[in-house]
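Working notes, beginning with the structure itself.
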Amino acid sequence: MKRKLLSIVMASAMTLSLVACGGSSTNTATETASTEEKTEAPAAEEKTEEPAAEEKTEEPAAEDTTASSGKLIKVGIINNDPNESGYRTANDADLKARFTEENGYDASFAYSLKNDEQIAAAQTFIQDEVDYLLLSAADTAGWDSVLKDAQDAGIKVILFDRTIDADESLYEASIVSDMAKEGQTAVDWLAGQNLEQVNVIHLQGVMGSAAQQGRSGALNDKVAAEDNWNIVTQQTAEWNAENAQQIVQSVIDAGTKFNVIYAENDDMAKGAVAALDKANISHGVGKDVIVMGFDCNKWALEELLAQNWNYDGQCNPFQSSYIDEIIKTLESGGTLSEKTIIMDEKGFDAETITQEDVDNYGI
Amino acid sequence: MNDNRVLEMRGINKSFPGVKALQNVDFSLNKGEIHALMGENGAGKSTLIKVLTGVYTKDAGTITMSDAGEVQIHSPQDAQKCGISTVYQEITLCPNLTVAENMYIGRGEGKITNWKKMNEDAEKLLKSLEIPAKATQQLANCSIAVQQMVAIARAVDMDCKVLILDEPTSSLDEQEVEKLFGLMRDLKNRGVGIIFVTHFLDQVYEVCDKITVLRDGQLVGEYEIKELPRVKLVAKMLGKEMDDLSDIKGEGGTYEGKDADEKVFEASELQSNAGIKPFDFYIKKGEVNGFTGLLGSGRSECVRAIFGADRVIKGKVKMHGKEVNISKPLDAMKNGIAYLPEDRKVDGIIGDLSVRENIILALQVLKGFFKPFSKAEANAFADEYIKKLNIKTASADTPIKSLSGGNQQKVILARWLLMHPEYLILDEPTRGIDVGTKVDIQKLVLELAKEGMSVTFISSETDEMLRTCSRLVVMRDRKVVGELSGDDLTQNKIMSTIAGESSV
Amino acid sequence: MSKQINNNESFLKRLVGNQLFIPLIALILLAVINLINDPGFFKITLGTNNAGYPVFSGYLITILDYGSELGILAIGMTLVTAASGGQDISVGATIAIAGSAMLRILCGGTSRPTEIQAPIIVAFLVACVVGMLCGAFNGILVAVFKIQPMIATLILFTAGRSIAAWINNNELPIVPDPKFAYFGGFIPGIPIPTTVFIVIACIIVIALVLKFTNLGLYTQAVGINENSSRLNGINPTFIKFLTFVILGLCVAVAALIKVSRLSTINYSVIAKDIEMDAILAVALGGNALSGGKFNMWASILGAYVIQFLTTTLYKFNVSSDALAAYKAVVVILLVVFSAPKVREQMGQLGKKLGSSKKGVA
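Here the protein sequences come in this chain order: A, B and C.
So the mapping is simple: this note's numbering equals the position in the first sequence, first residue as 1, plus 5.
So the mapping is simple: this note's numbering equals the position in the second sequence, first residue as 1, plus 147.
So the mapping is simple: this note's numbering equals the position in the third sequence, first residue as 1, plus 3.
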């Protein structure tokens, strides 16, 4: 019995130490920004060094708060696991760089890909009496009661990146990407290439996710409307490069003709390209197959710059400046003109992209 | 059908690939009768029982019950419905459930169990059978003997007409056996027919009314107990006339080398973590000695300590007068000590591996991880010992678990003999084994000793110890209480030493 | 004449009894389905890749290529299963760790190096050490602390991908050297995927190990009866530990292929769910998941059966998130067919067929 107990203690101790090694990636662990800053040092530094797209708001705003109140604004930030994707990593790094003590914030972070764990974290933040609750919900449902609690406690809620199914009165603002618009921009770009036949391999993300629905929707509509647009294969590769590679490989093995890869994220586009390379199918600007990706990973934009890919659609992870602005407005007693704020998002063409774009928009 | 009959089996046939396990076997059982089913291992006893209990489906023949006429038994449930209950040698209960749950499990027939009533009923039954267990106690916490009795209680409570006891006494000590016999007689008076399978001849003559003998899957005959003296029974089982079994000692003589007085192994103040008191012990070259005492007196723990099977916490060990360190079985093996463990199934056989692999295992381990035997070598070893020990197996490739108990034991014995040990420890080598093999093993022990091997022999059957050993270490309550040799080696002397009386 | 039939009968019986029977039947079944549907499935063509070197392509090549990681993992998983009677569910996560370590060495901690910072062999050896350390960690929990393998490996299963991300500071480095891509692709001039050679090398190594050491005997003995094994001088703790370390080595090799395929890694999805496929491969090979006797070749064959199924399903345009459902069907069939009762019936069916043939003859 003793031995068993010992083993359990050992095991849990090891788990803990392991998780601690994981550092920033700890699921649901709430950490204060200051300690976080230490473990995250290299990554965060790199991010701050980069000339962020919304640089102009940063400096004056920061001085403003620290000078006027001298008191830190307490924010609780609930996000998804930063390891989920490059997008999320950039998103998390951006938030951490923004909500620092120098900028007048006392920020705590909680991460989880599970709704119930996120809700539990929200309750903890409410008990800690934060001033603002920033939320990127894992799931759209189930948030009503906890947000009501927050409201009762006088805590203002700002949603970022993802919306939820709750009454609008429960939150101050929602900063989101318009996935459908991203898809539409991409499809418009493709239409602008004026191909005779458009035979698409459509690599979808995890089915049912907002990004998948938005990005698939525009393409599906267009294919239904145009006679010369065909979908060769429409498959979910679940955001996964390996799956994408196998799906494209399967199409190549079958000998079916295609001239466009429409991948709903960069990873899947990369997997597809790996399969093309193996089969000696040329791709990129002026080549046999047009490669399209999303999310604007830095490495993906570099592929564009090298003209190996043709198009990459942005999904802007830099919401922190928008959030910062909203908090400033609310703190100074102002009101918001709109509840839902849609971020600017671009689409990059391999023929026009510059090194500057890669540096500014790569994540 | 005779009015008194409760069960009749006629012309039962059952064959397995390559073996005719039962050929045209008849068997009948009367009400209120204790009927022994005898035969060597592999004679077909187990197969017949398994046909009767629905574990196997018979190829031909009829089974008739007094009240139901001819019945078809395709599963243990069918057998139970016919009123046939079985208690096996190996406990087939669930150790993680309580005693009461074990007694009533699987009998609810879908009804919701009334836990309180169940526990009360169980308590009552346990009390009436004088079984020292609580209904709510977890079964695993009971001794093996009590577990066995719970299994019987379960069978008895199912209003059985036929109760099959398959080697129920092999893990019980004498008092417990007596209690079991009391229980059996009680059931007999209530009109239950009991089929009793055992290897203990004494027990057969103590409780049984009739004996049916099987040999090589065929019926030898059915006899009234009074008409069949022991020697004849053994002869029937073996299929040949034989001298009295007790006459093997002295046949071979003893080891007469110059170094006969050398102490091959010597331990002082040896103690393991298995709860025995420190003990001193030695064995000379070519000597056969033994540990005796009641079940649980610590005799097995002593030899396990010698072999390093339990963690040794204290004591010095010498081989040929030179101090050695034995902290794990491999150390002992390297020093030429071999140990045949008490529980063949748990500690001995590696069930799914072939007879060949089981035979070569110990020597192979001794030879080293990076030096496996070639196929030819392994085959040669296996064939040699299969022949030498007369192991009955279809081939060397047969998994050991499909052999009968006695043959499994021979394989384990072969494993250790192949190692050519200087010192061989045999812990209950004859338990659950047929008479023929028992004699074989006893003879083998004496032969080996004559050739200079030192052997420590442990057995629950005192007469077996008396036949083979020249010196006995007596144990009581986990410590050594005496040593007997020469003229002191008598049944009475052993009993009195075990019991702690000063002298007889 | 009748003797001949008898021979056939016993051959059939032996076949049904053989462990390779189930994976072989599954393989043949899949092949036949594909043959009926489209004979072109089996076509292999010699083309050139983008670098201008000759390469074979076709579904069969795809199966051999993509089944490699699974085949290699099946080797280690079989041993772990045999010795510990449980499975390691952390292999996917440890592939992420080993792969991440490899990238860290190759890229020297920067995300976009212009050339590799260390020889590939050094990076691979580091990955091997890391893989074996992960295996050793699992092995200690299982062998020394007697924690159930599934529970013990749950730790790395949960934490592994985070550790992988931490090793590279959450960066996703890309290996700049095209030579690194050879391991998951083709070596210039050789038209057969490199992965096939890697698997063959692994199979040769494990065959030699099984022939020239007692690993097979010891792991089986420990898996079947730990008590007896100990009393025969085997150290069960060490054997269990050893199998986990060997699996760790297999993981490192699989990680090399995985990372090489794309020259980079995505910590959260690399080798996702591969542990379940590896376990399925062992089961498909007719090995008891409760440990004991094993047949290594049946497991490896099982791995390729799974890849055959995956490739077939992709060909039929089955959406990849539905693959799991089809694998579940395979599991069900597997459980049914490996049940002793069903096997017995099949054997009897074979007998009947044989005797009816005899009647006709």
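Cβ atoms here follow ideal geometry from the backbone N, Cα and C, with glycine treated the same way.
For a Cβ distance threshold of 7 Å, residue set Ile227, Asn228 of chain C lies close to Gly498/B, ordered along the chain. One alpha carbon belongs to Ala305/A, the other to Phe340/C, and they sit about 48 Å apart. The residues Gln418, Asn420, in chain order, have a CB closer than 6 Å to that of Ile460/B in the same chain once the five nearest residues on each side in sequence are set aside. Taking a C-beta cut-off of 7 Å against chain A, the contacting residues of the region 60-73 of chain C are Ser60, Gly61, Tyr62, Thr65, Tyr69, listed in chain order. Here Leu441/B has Asp320, Ile645 as same chain residues with Cβ atoms under 7 Å from its own Cβ, once five neighbours each way along the sequence are excluded. With a 10 Å radius around the Cβ and a threshold of 16 neighbouring Cβ atoms, Ser179/A comes out buried.
Positions of the beta strand (DSSP E) runs, each at least 3 residues long and wholly inside the region 451-504 of chain B, are given as 459-466, 469-471, 484-487 in order along the chain. Counting along the chain, the unbroken alpha helix (DSSP H) around Gly79/C starts and ends at 71-87.
Gly440/B sits in coil when the DSSP states are folded into three classes, being neither helix nor strand. Annotation: the region 521-570 of chain B contains the following complete segments of the alpha helix (DSSP H) (minimum length 4 residues), in chain order: 522-535, 552-564. Runs of the alpha helix (DSSP H) lying entirely within the region 214-285 of chain C and spanning at least 4 residues, in chain order: 218-227, 229-234, 239-265.
Excluding residues up to 5 positions away in sequence, Asp183, Met184, Ala185, Lys186, Glu187, Gly188 lie with their Cβ nearer than 8 Å to the Cβ of Gly219/A in the same chain. The C-beta of Leu352/C has fewer than 16 other C-beta atoms within 10 Å across all chains shown, which makes the residue exposed. Per DSSP, the unbroken alpha helix (DSSP H) holding Tyr366/A starts and ends at 360-366. Beyond the five residues adjoining it in sequence on each side, Ser222/B comes within less than 6 Å, by CB distance, of Gly201 in the same chain, given in chain order. Setting aside the 5 residues that flank it on each side, Thr145/A is surrounded in the same chain by Arg167, Thr168, Ile169, Asp170, each with a C-beta closer than 8 Å to its C-beta; the list follows chain order. With contacts defined as CB atoms closer than 9 Å, Pro26/C and Gly295/C fail to qualify as a contacting pair. Counting only Cβ-Cβ distances below 8 Å, Ala509/B has contacts in chain C at Asn235, Gly236, in chain order.
Residues of the same chain with a CB within less than 8 Å of the CB of Ala215/B, apart from the 5 flanking positions on each side, are Cys229 in chain order. Along the region 206-222 of chain A, the positions whose C-beta sits under 7 Å from a C-beta of chain C are Met212, read in chain order. Glu504/B and Thr241/A have their C-alpha atoms some 51 Å from each other. Between Ala286/C and Ala274/C, the gap from beta carbon to beta carbon reaches 9 Å or more.
For Gln322/B, the enclosing alpha helix (DSSP H) stretches over residues 321-336. Counting along the chain, the unbroken alpha helix (DSSP H) around Trp194/A starts and ends at 184-196.
For a Cβ distance threshold of 8 Å, residue set Lys214, Phe215, Thr216, Asn217, Leu220 of chain C lies close to Pro519/B, ordered along the chain. Annotated as distal: Glu409/B and Arg618/B, with beta-carbon spacing of 9 Å or more. Taking 4 residues as the minimum length, the alpha helix (DSSP H) runs contained wholly in the region 108-184 of chain A are 120-132, 149-157, in order along the chain.
Checking the DSSP bridge columns, you'll see Gly318/A partnered with Phe299/A, Gly352/A.
Among the residues facing chain C, Leu560/B is not included, as its CB has no counterpart in that chain under 9 Å away.
Between Asn88/A and Ala168/C, the CB-CB gap stays under 9 Å. Gln22/C is not bridged by DSSP to any residue. Contact annotation for Arg264/C against chain A: Ala246, Glu247, Gln250, Gly276, Ala279 [CB-CB distance below 9 Å, chain order]. Counting the other CB atoms within 10 Å of its CB gives Phe319/C a total below 16, which places it among the exposed residues. For Glu611/B, the enclosing alpha helix (DSSP H) has its first and last residue at 609-615.
Neighbours of Pro488/B in chain C, taken as residues whose beta carbon is under 7 Å from its own, are Leu234 in chain order. In the three-state reduction of the DSSP assignment, Trp169/C falls in the helix class.
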